[in-house]
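Quick note, my numbering runs 71 ahead of the 1-based positions in the sequence shown.
Think of the CB as a built atom: it goes at the ideal place given N, C-alpha and C, for glycine as much as any other residue.
It should be emphasised that the depicted structure is a prediction, and the values quoted were computed from it without experimental measurement.
Worksheet: the structure to be examined is printed underneath.
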Amino acid sequence: MMEQPTSNNNNNKFLLACGGCLALLVLAFVCLGMSGIAAYFILDGSSVFTSVSSTVVASVATVSIEATPGRPTAVTSLSITRQAIATPRATTPPTSAPVTAATAVPQEIVASKSTATPLPLAQPAAIIQEPIPPQAYTDLAYFFSADYPAHDYFDSANRLGKYNLPARTVTIPGYQVGDSQTFITDEGNVEATLMAATDHAYFWVEDGLNLAETAVIEAANKLENEYYPLLVNLFGQEWQPGVDNDPHFSVLHLRLPVDAAELGYFTGLDEYPRDLYYDSNEQEMLYLNMSELVIGEDLYYGTLVHELQHLIQWHVDGNEAGWLNEGLSQLAELYVGLYTADTEYYLEQPDIRLNTWEYDDDVVDAHYAGAYLLSVYLWEQLGETAVQELSRHPANGMAAIRTILHGYSDLTLEQFLANWAVANYLDGETADPLYTYETLELTTPTVEKRVRDIPYERTADLNQYGVHYFALDVAGAVTIDFAGDTLVNLVDAPPPGSDHLWLAPSLDDTNAHLTFSFDLTDLSAATLAFDTWYDLEEDWDFAYVSVSLDDGATWDLLSGTYQTAGEYGPAWNGRSAAEADATNGWLNENISLNSYLGKSVLLRFDLLTDSAING
């Protein structure tokens, strides 16, 4: 999981429409968090039926974790509420062989046109079934296939902030058992002693924490010899030799306060030099809360490998969607033979949105469990190679799953997710491998409605990638009709004349950017004119526009009417709709480029998100 966010803003988006003598574009940073509407009609009866429903249009982007402003200080951590599963199914893990050979470069497939079958009953007014424009299928494929780079905080600080940082890495001497070091934590500085060292890990123990040296050495050796090779095989390797030019990562055993919210955590802050972040430990780091863990127990090892996967993921795909990152970390626990992740919380709330993350106490455990179940199902159905590709693929969230799926199955993403939803209900009740788990034993998920009398009709809201199960306790034949929304709006309609769209995803730790080249040598005046719509995490995520006169070697920020003080200078932040001049949420910007007449310039738009609630 991610630590409790420091911001309460859960809906951060940014759009920008540009037009004028230089360019015409619409820039959109959006996230799909809307609910779909579905109607269920039961005309006659049957014995038992499970209905799985979802919106027609899949989510284009994902919502993720938490953050601290302008820096990668949000940590990935494990909640102290996680419990080991008491009765795991003792079966052999799934084969590593995929269903079919993976494609070297998975080909993007444009969805086929759907057809509408008239309902025998009048369609409820709440259901919106507008015809889907042909271009929408192509656009959706583009959205799924777009690749957005991770946010390199060192680069953006130098490029936009003019920090002139000297070096990306530091060099430290290797440590020996018995050495002491001062670590920076959320609770202040901590003195710790190196109690064990292996080829890849240092095991540090906070001074005053009573851990037996033999137990620490045993844990270090178990990680090195058993768990580490498995994790590197499945997920990839952590940054080597890393920010400190030392091939070891550090595991710090801490005595956190009794009200601490995590079992353990990893933070990307430590992957940067102190020239950028004064409170970085300047080394690959994992933190374990020994107030809640007992060294040598399964939960201790489960937390250790969970956080190690986060460390690996930070390096191989630094802006992976937070919900999927958490799912992979829990899969890491199961993959090494530890049944320390839970499934029941999701099965109790299967209608939550799968591809997002919320920290509210009533749903956060369900997000953990849902991401875990999907990750395990993908591993079992497609094999190790698919997980290896998923972990390393630059696409994120559902886009990554959709892309790698093409190399292992003929199923579409929607079909694969529907099979998964059925498997969550039928596990243990069928021999069909599509609808069962080999390594887990599930409880029956919550049934939305048990229907005993027909006809039955219902119209309801359902989150994207949410599931409703319906049980029919009736006799005889049954006819079921379903209608769902065909379209979901990404944003409010842009102003007239906006013919092009640039959509940047709602991802954490991401630097979405768009660059144009213009020759201003023969112009007597030049203006960058555009309309902008944005809803960005206030004080944390920012959008900038900058200009370069030396082919991108250096950049200078431009200033717009509605920009405020960002981390590096003038930036868009907050909500455009809050401005008095907004029309349907959109604002008009005009930035003079007269200072650059007679020159060739590059113009660049940047969206920089941190490691938490994103835009």
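For residue 468 versus residue 402, is the C-beta spacing smaller than 8 Å? no
Kindly indicate which three-state DSSP category residue 165 falls into: helix, strand or coil? Note that residue 165 has pLDDT 43, beneath the 50 cutoff, so the model's placement of it is unreliable and the number below is only indicative. If DSSP states are grouped into helix, strand and coil, residue 165 belongs with coil.
Just tell me which of 604, 277, 674, 607 has its CA closest to the CA of residue 251. 277
Option nearest residue 576 by Cα separation, candidates 545, 422, 655, 679: 679
Can you tell me whether DSSP reads residue 233 as helix, strand or coil? coil
Extent of the continuous alpha helix (DSSP H) run through residue 417: 415 to 419
How far does the beta strand (DSSP E) with residue 263 in it reach, from first residue to last? 259 to 268
Using only the alpha-carbon positions, how far apart do residue 464 and residue 483 sit? 18 Å
Can you tell me which of the three DSSP states residue 542 falls into? strand
Relative to the alpha-carbon of residue 492, which residue among 476, 479, 513, 334 has its alpha-carbon at the smallest distance? 513
If you run the structure through DSSP and keep just helix, strand and coil, what is residue 119? Unreliable placement is indicated for residue 119, whose pLDDT of 24 sits below 50; the coordinate value is still reported in the next sentence. Looking at residue 119 - three-state DSSP - the assignment turns out to be coil, as it is neither helix nor strand.
Using the Cα positions of residue 683 and residue 612, report the straight-line distance between them to the nearest angstrom. 9 Å
With DSSP as the reference, label residue 475 as helix, strand or coil. helix
Close beta carbons around residue 446, own chain, < 6 Å, minus the five adjacent residues each side: 398, 399, 402
Please report the distance separating the alpha-carbon of residue 357 from that of residue 498. 35 Å
Excluding the 5 residues flanking residue 665 on each side, which residues of the same chain have their C-beta closer than 7 Å to its C-beta? 596, 597
Reducing DSSP to helix, strand and coil, say where residue 676 ends up. strand
Report back the beta-carbon spacing between residue 335 and residue 374 to the nearest angstrom; my notes put them in contact at under 8 Å. 4 Å
If residue 475 sits next to residue 460, beta carbons under 8 Å apart, how far is it from one beta carbon to the other, in whole angstroms? 5 Å
Thinking C-beta only, is residue 594 closer than 8 Å to residue 674? no
Simplified DSSP assignment, three categories, for residue 356: strand
Ordered along the chain, which non-local residues of its own chain (more than five positions away) have a Cβ less than 7 Å from that of residue 325? 256, 261, 277, 358, 359, 360, 361
Measuring CA to CA, which of 213, 540, 220 is closest to residue 582? 220
Give a yes or no on whether the C-beta atoms belonging to residue 631 and residue 660 are separated by under 8 Å. yes
Have a look at 393, 232, 284 and flag the residue whose alpha-carbon is nearest the alpha-carbon of residue 429. 393
Nearest candidate by alpha-carbon position, reference residue 363, set 387, 330, 305, 389: 330
Evaluate residue 281 with the Cβ neighbour count: other Cβ atoms within 10 Å of its Cβ, from every protein chain shown; 16 or more gives buried, anything less gives exposed. exposed
Could you please give the first and the last residue of the uninterrupted alpha helix (DSSP H) stretch that includes residue 463? 455 to 463
Name the DSSP bridge partner or partners of residue 520? 541
For residue 304, does the three-state DSSP call read helix, strand or coil? helix
With a threshold of 8 Å between beta-carbons, can residue 634 be considered close to chain D, or not? The chain inventory of the structure shown lacks chain D, comprising one protein chain alone.
Paired residues, beta bridge with residue 613 - DSSP: 679
How is residue 287 classed by DSSP in three states: helix, strand or coil? helix
So what does DSSP say about residue 451, is it helix, strand or coil? helix
For residue 623, I'd like the list of residues in its chain whose CB is within less than 7 Å of its CB, leaving aside the five on either flank, ordered along the chain. 673
So for residue 311, helix, strand or coil by DSSP? coil
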